[in-house]
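Remarks on the structure that follows.
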Amino acid sequence: MLFLIVNVIGDIGNVAFWWASPSSRLSLNPSIIRNAVGADNALLAGTIVLSIVAIVYIVSLFGLMKKLKWAPFLIIAISVANRAIAVFLHQISFAFIFWAVWTAILVVVSYLDYRKMKAPRLSTT
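With this note's numbering, letter number 120 in the sequence shown gets 120, and the count goes up by one each step, no holes.
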C-alpha cells in the first residue's frame with residue numbers, strides 16, 4: 001500500500017509541477033504526442049492521463065484496504081497501461097527507465113498481495 005500511496009502523490013505532484021513550473025514541461029517537448037498535437041495539448045493530455053491514473057490507483061487502494069481480490073489486478077493493469085502511454089507522453093531517458101523499474105516493483109508487490117489474499121486462512125477455533 002505504501003508504494004501505491006507514494007505513486008498517487010507522485011502522479012498528482014507531477015501534474016501540479018507541470019502547471020506551476022513551465023520549465024518542468026521539458027519532459028513533454030521531444031515526445032510523440034507533442035510533435036503530433038503541440039505543446040499545450042501535450043500538457044493537457046499528460047494532465048488528463050496522470051489524473052485518471054491517480055484516480056484508478058486511489059480506487060485500487062481502497063480495494064486493497066478492503067482486501068478485495070480485484071484490486072491487485074487493477075494496480076497491475078493501470079501500471080502497465082501507464083508505462084505504455086508514457087512512451088507517447090515523455091522522452092525516453094534515465095527518468096523513464098527509473099519509472100519503468102518503479103512500475104515493475106508495483107506489479108510484483110501487487111501480485112504478491114494477490115497471492116496473500118488468495119492463500120487459505122487457517123482457523124484458530
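Glycine included, C-beta positions come from ideal geometry on N, C-alpha and C.
Whole-angstrom distance between residue j and residue i, CA atom to CA atom
{"i": "SER60", "j": "PHE96", "result": "24 Å"}
{"i": "ILE12", "j": "ILE48", "result": "11 Å"}
Chain-order list of residues whose beta-carbon lies under 6 Å from that of residue i (same chain, five-residue window excluded)
{"i": "ILE76", "result": "VAL107 and SER110"}
{"i": "TYR114", "result": "PRO72"}
Identity of the residue in the options nearest residue i by Cα
{"i": "MET117", "options": "LYS67, LEU43, ILE58 and ILE5", "result": "LYS67"}
{"i": "LEU50", "options": "ILE92, TRP102, GLY10 and TYR114", "result": "GLY10"}
{"i": "LEU4", "options": "ILE85, PRO72, ILE92 and SER23", "result": "PRO72"}
{"i": "LEU43", "options": "PRO22, VAL56 and ASP113", "result": "PRO22"}
Beta-carbon proximity list for residue i, same chain, < 8 Å, skipping 5 on both sides
{"i": "ARG83", "result": "TRP99, ALA100 and THR103"}
Cβ-based neighbour list, residue i, same chain, cut-off 7 Å, excluding 5 preceding and 5 following
{"i": "ILE85", "result": "VAL49"}
Check: Which parts of the stretch 65-104 are runs of the alpha helix (DSSP H), unbroken and 4 residues or longer, counting only runs that do not cross its ends?
Finding: Along the length of the stretch 65-104, whole alpha helix (DSSP H) runs at least 4 residues long occupy 70-89, reported in chain order.
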